[in-house]
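Remarks on the structure that follows.
Residue numbers (UniProt numbering): 1 to 230.
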């Protein structure tokens with residue numbers, strides 16, 4: 001098997017087959033378009049702000065399981081999400097892998113996931129991250145350091161994304177989803193750089209970057225709520 005010239009965070013070589021598929025992510029985007037617009041009524045604001053090319057990170061608030069598929073379906077570019085390994089069960093495992101999604105073990109330093117995520121950015125793709133780490137209030141109140149690391153290490157601007165309305169009500173027929181044909185707002189913000197320009201990746205530099213990111217994301221969420229009335 002041909003070896004990819006890049007090496008992972010743990011120093012291991014990365015095979016070409018281990019690089020997340022951009023074509024697969026585009027297939028996932030098209031599936032998301034059909035499902036999200038078929039089941040709900042997405043209202044998308046600010047999509048024009050998303051750079052048309054180059055490495056990019058979507059930083060998305062997370063209050064409902066549908067938030068990831070929603071962004072995948074309405075974003076103007078195919079997205080590779082970091083998704084907890086628990087979601088890769090049964091037939092979902094090969095399906096999610098085929099559409100370019102990245103399995104991550106949240107209970108350890110997952111070197112394989114880190115390598116593959118950086119590979120997405122090195123290839124000029126879009127990495128989707130829920131910086132709160134888990135589903136909650138979706139208010140960006142507490143961020144994990146991973147987002148700052150990928151932004152600084154991968155040299156990628158961050159586009160804040162606010163998903164609003166997905167957790168307001170439970171559906172009658174499928175309680176795990178928002179009500180069918182309900183409106184969900186997705187608001188894309190202006191891209192920004194997390195680093196201070198020094199290129200440093202020390203713990204102090206990443207902590208400072210996380211603070212800058214949190215302020216930007218909180219300001220975007222406030223603006224999104226004002227724009228949508230939610």
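Beta carbons: idealized from backbone N, C-alpha and C, even for Gly.
Who pairs with residue 192 in a beta bridge, going by DSSP? To locate residue 192, count along the chain shown from 1; it is residue 192. Its beta-bridge partners are 158.
Exposed unless 16 or more other CB atoms sit within 10 angstroms - verdict on residue 28: Counting from 1 along the chain shown, the entry for residue 28 is found at position 28. Buried, by the Cβ-count rule.
Buried or exposed: residue 3, going by 16 or more other Cβ atoms within 10 Å of its Cβ? Taking the chain shown and counting its residues from 1, one reaches residue 3 at position 3. For residue 3, the pLDDT reaches just 36, beneath the cut-off of 50, and the residue's location in the model is therefore unreliable, although a value from the coordinates is still provided. Exposed, because fewer than 16 other Cβ atoms sit within 10 Å of the Cβ of residue 3.
Unbroken stretches of the alpha helix (DSSP H), 4 residues or longer, contained in the segment 20 to 48: 22 to 39
Residues of its chain near residue 76, where Cβ-Cβ distance is below 6 Å and the 5 sequence neighbours each way are ignored: As a working mapping, residue 76 is identified with position 76 in the chain shown. Taken in chain order, the residues that qualify are 47, 50.
Residue ranges of each beta strand (DSSP E) within the UniProt domain "Phospholipid/glycerol acyltransferase" (56 to 166), 3 or longer: 56 to 60, 79 to 84, 102 to 104, 126 to 129, 158 to 164
Three or more C-beta pairs under 8 Å: does that hold for the segment 33 to 45 against the segment 64 to 79? yes
Check residue 226 in the structure and name its three-state DSSP category. The residue given as residue 226 occupies position 226 in the chain shown. Three-state result, residue 226: helix.
Please name the residue or residues paired with residue 186 in a DSSP beta bridge. The residue given as residue 186 occupies position 186 in the chain shown. 44, 163, per the DSSP bridge assignment.
Three-state secondary structure assigned by DSSP to residue 201: Here residue 201 corresponds to residue number 201 of the chain shown, with the count starting at 1. Note: residue 201 maps to coil in three-state DSSP.
Have a look at residue 147 and residue 85 and give me their C-alpha separation to the nearest angstrom. For the purposes of this step, residue 147 is identified with residue 147 of the chain shown, where counting begins at 1. For the purposes of this step, residue 85 is identified with residue 85 of the chain shown, where counting begins at 1. If you take the alpha carbons of residue 147 and residue 85, they lie about 18 Å apart.
Using only the alpha-carbon positions, how far apart do residue 98 and residue 108 sit? Position 98 of the chain shown, counted from the first residue, corresponds to residue 98. Position 108 of the chain shown, counted from the first residue, corresponds to residue 108. Approximately 24 Å, taken between the alpha carbons.
Please state whether DSSP places residue 181 in a helix, a strand or coil. One-based indexing of the chain shown puts residue 181 at position 181. Coil.
Measure the CB-CB distance between residue 184 and residue 70 and report whether it falls below 7 Å. Locating residue 184 in the chain shown gives position 184, counting from the first residue. Locating residue 70 in the chain shown gives position 70, counting from the first residue. Yes; because the gap between Cβ atoms is below 7 Å, this pair is in contact.
What distance in whole Å lies between the Cβ atoms of residue 23 and residue 182, which are believed to be in contact at a cut-off of 8 Å? One-based indexing of the chain shown puts residue 182 at position 182. One-based indexing of the chain shown puts residue 23 at position 23. Not quite, the Cβ-Cβ distance comes to about 32 Å (not below 8 Å), so this is no contact.
Looking only at its chain, what residues have a beta carbon closer than 7 Å to the beta carbon of residue 211, apart from the 5 residues adjacent to it on each side? To locate residue 211, count along the chain shown from 1; it is residue 211. Correct list: empty, nothing qualifies.
Between the beta-carbon of residue 121 and the beta-carbon of residue 55, is there less than 7 Å? Locating residue 121 in the chain shown gives position 121, counting from the first residue. Locating residue 55 in the chain shown gives position 55, counting from the first residue. Closer than 7 Å, so yes.
Output needed for residue 81: all residues of its chain with C-beta closer than 6 Å, excluding positions within five of it in sequence on either side, in chain order. Here the question's residue 81 lines up with position 81 in the chain shown. Here the set comprises 68, 101, 128.
Within 7 Å, strictly: CB atoms of residue 157 and residue 59: Position 157 of the chain shown holds residue 157. Position 59 of the chain shown holds residue 59. No.
Look at the alpha carbon of residue 222 and the alpha carbon of residue 105, and state the distance between them as a whole number of angstroms. The count along the chain shown starts at 1 and reaches residue 222 at position 222. The count along the chain shown starts at 1 and reaches residue 105 at position 105. Distance between the alpha carbons of residue 222 and residue 105: 31 Å.
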